[in-house]
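Student:
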Ligand code: 5AD
Ligand code: SF4
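If you want it as structure tokens, here you go:
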């Protein structure tokens, strides 16, 4: 019996792709191992959103080279770097056996066959035409014992944000037909999943036969599903219909991740984000009116080419104004072939020290705000969907609130239960407390707590 190990970098799309890879490898009679040194096949599923992600994957490849030398392990690179670099990656990394793009996961058996049988080094990075693309159907057995799962609803991105490599690595937008999405959600509910997150690079421009708002509403009606989430959204697709869905369907969870990227209109324009700060705020206010208390999170890029101190001050101002629950903030990193990378010299690169200094200032403000938001919850009771034991202390339980805040608490409810937790203390990113009552038991008793995923996978 041969064994494989998948090292996953990047976003949830990549984590899901790794699961699909593991299903394909399972059919080839490969079994997962959590120890790369024992693997006959190592796949790196890569991310190229920022340079750092690429660097991390190159250093991981170096480590796995030693495994290859010791036991002849096959080494493959998939995901976004593979799609971007194609055969160049084989030239750059002479000990690499194969390179495959996100559309070629189903071809893994053939690729591995060619590498083994014909001692060929293989590159498979062709796009499948939008009309012909079939989304791999997740095997629900992989999710048995899990409480929350991700469901792919679309892939690719048709936006043209000038900083972003995704259109180059994931191609044109393709939506998954809604009956397929709903069938997968129903499969998941049958094995005990109670919360699903619909994922795609740009979910609310979904066009799989019904609107995205309708897809959320239909998902919420699948028997057994109690919570529905989604990620990621672009502000220009935040329709009134979607806002209305938040008003009418309580199973759509009160959390919205709405990347703004910058608080300055001239920067947004150069980013080709096609909204102004005022328009963004108008959407956000409407959403807050439809679902009071909704938690807002966002992504920010600091040090975008030409960003002045005044531009950056506007980002700080926006941060204070919105009072986000949380922000994911990044230093601008020029990506190959993107509009901003090509124009960086013309617009004026921001020196690295300035970028670092701005990032620290922004994060300090956000940490304070996040701390204030969570501190206000101390003494209150929150509803938590129990996911299993706490990572920090196996004697405690772990789960999330509707707003997606993480909670570690004293209690005994099994994974899949809904409980009331009294919040006793809080840090900017976490709540802690004790279980006061069980609101509902799991729909399917998990066979084992803390299910071991079928996939041996390190996410970096
Ligand atoms: N440099 C820095 N951050 C980036 N992001 C996307 N591209 C870049 C880049 N070139 C950030 C954006 C996006 C998040 C997923 O990553 O904020 O929303
Ligand atoms: Fe990284 Fe984007 Fe690819 Fe996800 S889609 S792995 S974030 S480059």
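In the numbering used here, the protein residues as written are 1368 to 1827. Glycine included, C-beta positions come from ideal geometry on N, C-alpha and C.
Report yes if the CB atom of residue 1431 is closer than 9 Å to the CB atom of residue 1403, and no otherwise.
Tutor: Going by C-beta atoms, residue 1431 is nearer than 9 Å to residue 1403.
Student: Listed in chain order, which residues are found with a beta carbon closer than 6 Å to a heavy atom of the ligand 5AD?
Tutor: Residues with a Cβ closer than 6 Å to any heavy atom of the ligand 5AD, in chain order: 1416, 1417, 1530, 1531, 1626, 1628, 1666, 1668, 1697, 1699, 1700, 1702.
Student: Should the region 1729–1737 be called in touch with the region 1652–1662, which here means at least 3 C-beta pairs below 8 Å?
Tutor: Result no; under three Cβ-Cβ pairs closer than 8 Å.
Student: Determine the extent of the beta strand (DSSP E) in which residue 1397 is found, giving its start and end residues.
Tutor: Its beta strand (DSSP E) spans residues 1397–1399.
Student: So, residue 1390 versus residue 1547, is the Cβ gap smaller than 9 Å?
Tutor: Not in contact: residue 1390 and residue 1547 (Cβ atoms no closer than 9 Å).
Student: Cutting at 8 Å between CB atoms, please list the residues of its own chain near residue 1466, excluding the five before and the five after it.
Tutor: Only 1443, 1444, 1445, 1449, 1452, 1453, 1454, 1456, 1457, 1489, 1490, 1491, 1492 meet the Cβ criterion.
Student: Taking the beta carbon of residue 1584 as the centre, do at least 16 other beta carbons fall within 10 Å, making it buried, or is it exposed?
Tutor: The residue in question, residue 1584, is buried, as its Cβ has 16 or more Cβ neighbours within 10 Å.
Student: Can you say whether residue 1325 is buried or exposed, counting buried as having 16 or more other CB atoms within 10 angstroms of its CB?
Tutor: Only positions 1368 to 1827 of the chain appear in the structure, and residue 1325 is not among them; the question remains open.
Student: At the level of alpha carbons, what is the spacing between residue 1671 and residue 1383?
Tutor: Straight-line Cα distance between these residues: approximately 30 Å.
Student: Can you name, in chain order, every residue of its own chain whose Cβ lies under 6 Å from the Cβ of residue 1475, other than the five neighbours on each side?
Tutor: The residues are 1391.
Student: Are the region 1747–1754 and the region 1772–1789 touching, with three or more C-beta to C-beta distances below 8 Å?
Tutor: Yes: the two stretches touch, three or more of their Cβ pairs being nearer than 8 Å.
Student: Could you tell me whether any Cβ in chain D is nearer than 9 Å to the Cβ of residue 1609?
Tutor: In the displayed structure, chain D is absent; only one protein chain is listed.
Student: Is residue 1604 close to the ligand HEM? I mean its beta-carbon at under 8 Å from any heavy atom of the ligand.
Tutor: The ligand HEM is not part of the structure shown, which contains the ligand 5AD and the ligand SF4 as its ligands.
Student: How is residue 1662 classed by DSSP in three states: helix, strand or coil?
Tutor: It is a strand residue.
Student: Taking C-beta to C-beta, are residue 1337 and residue 1516 nearer than 9 Å?
Tutor: Here the chain has residues from 1368 to 1827 only, and residue 1337 is not among them.
Student: If you count every other CB in all the chains shown that lies within 10 Å of the CB of residue 1378, and 16 or more means buried, which is it?
Tutor: It is buried - the Cβ of residue 1378 has at least 16 other Cβ atoms within 10 Å.
Student: Using only the alpha-carbon positions, how far apart do residue 1482 and residue 1441 sit?
Tutor: For residue 1482 and residue 1441, the distance between alpha carbons rounds to 8 Å.
Student: Excluding the 5 residues preceding and the 5 following residue 1799 in the sequence, name in chain order all residues of the same chain whose CB lies nearer than 8 Å to its CB.
Tutor: Excluding positions up to five away in sequence, the list reads 1774, 1775, 1776, 1790, 1791, 1792, 1793.
Student: Please return the same chain residues whose Cβ sits closer than 6 Å to the Cβ of residue 1706, not counting the five positions on each side in sequence.
Tutor: Cβ within range, chain order: 1529.
Student: Just list the residues that DSSP pairs residue 1756 with in beta bridges.
Tutor: According to DSSP, which records beta bridges pairwise, residue 1756 is partnered with 1764.
Student: Could you give the distance in angstroms between the alpha-carbon of residue 1698 and the alpha-carbon of residue 1803?
Tutor: If I take the Cα positions, the gap works out to 42 Å.
Student: Pop quiz: residue 1416 and residue 1373 are said to be a contact at Cβ under 8 Å. What is the actual Cβ separation, rounded to whole angstroms?
Tutor: Actually they do not touch by this definition, with Cβ atoms about 19 Å apart.
Student: Just to confirm, is the Cβ distance from residue 1470 to residue 1495 under 9 Å?
Tutor: In this structure, residue 1495 lies closer than 9 Å to residue 1470 by Cβ.
Student: In the DSSP assignment, the beta strand (DSSP E) including residue 1594 goes from what residue to what residue?
Tutor: Residue 1594 -> beta strand (DSSP E) spans 1594–1598.
Student: In three-state DSSP terms, what is residue 1370?
Tutor: Strand at residue 1370.
Student: Closer than 6 Å by C-beta to residue 1523: which residues in its own chain qualify, once you throw out the five before and the five after it? Chain order, please.
Tutor: Counting only Cβ-Cβ distances below 6 Å, and skipping sequence neighbours, we find 1537, 1538, 1539, 1540, 1541.
Student: Which one of 1796, 1797, 1795, 1781 has the shortest CA to CA distance from residue 1806?
Tutor: Answer by Cα proximity: 1781.
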